[in-house]
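Comments concern the structure below.
What follows is the structure, given as structure tokens:
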């Protein structure tokens with residue numbers, strides 16, 4: 172909200188319509204795959220001391236929520252799994268499936284957990 176400029180109702184409606192068009196295009200592309208796999212976040216969590224300045228916090232936040240925002244924007248279902256239990260830092264990857272394919276996503280996640288032995 173802090174980053175968003177003020178907008179008039181017609182602009183807001185145009186954005187909502189545009190999002191609908193993007194969602195339909197993305198859904199069509201997702202028909203070719205069962206799940207998408209990507210890092211849950213694209214970098215290791217920053218140190219709290221590095222986030223004290225508001226601009227530094229906003230910059231880090233934009234990066235940290237970038238990948239999960241894809242699922243949120245397109246109304247997908249997603250789950251994050253640990254990439255390894257052998258490293259001391261929490262590093263995960265995200266499985267993302269089409270809207271309303273929760274059962275498929277959970278079955279794939281369970282199989283991946285078993286293969287990687289990270290449950």
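Numbering (this note's numbering), first residue to last: 172 to 290. In this text, a Cβ means the ideal position worked out from N, Cα and C, and glycines have one as well. Predicted model only: the values in this text are computed from it and were never measured.
Please report whether the beta-carbon of residue 196 lies at a distance below 8 Å from any beta-carbon of chain C. Within the model displayed, chain C is absent; a lone protein chain is all it includes.
If you follow the beta strand (DSSP E) that residue 252 is part of, which residue opens it and which one closes it? 248-253
With 16 as the cutoff for other CB atoms within 10 Å, does residue 238 come out buried or exposed? buried
Euclidean distance between Cα positions of residue 260 and residue 241: 24 Å
Put residue 245 into one of helix, strand or coil per three-state DSSP. coil
Taking contact to mean at least 3 C-beta pairs separated by less than 8 Å, is the region 198-217 in contact with the region 267-277? yes
Residue of 276, 190, 236 and 289 minimising C-alpha distance to residue 258: 289
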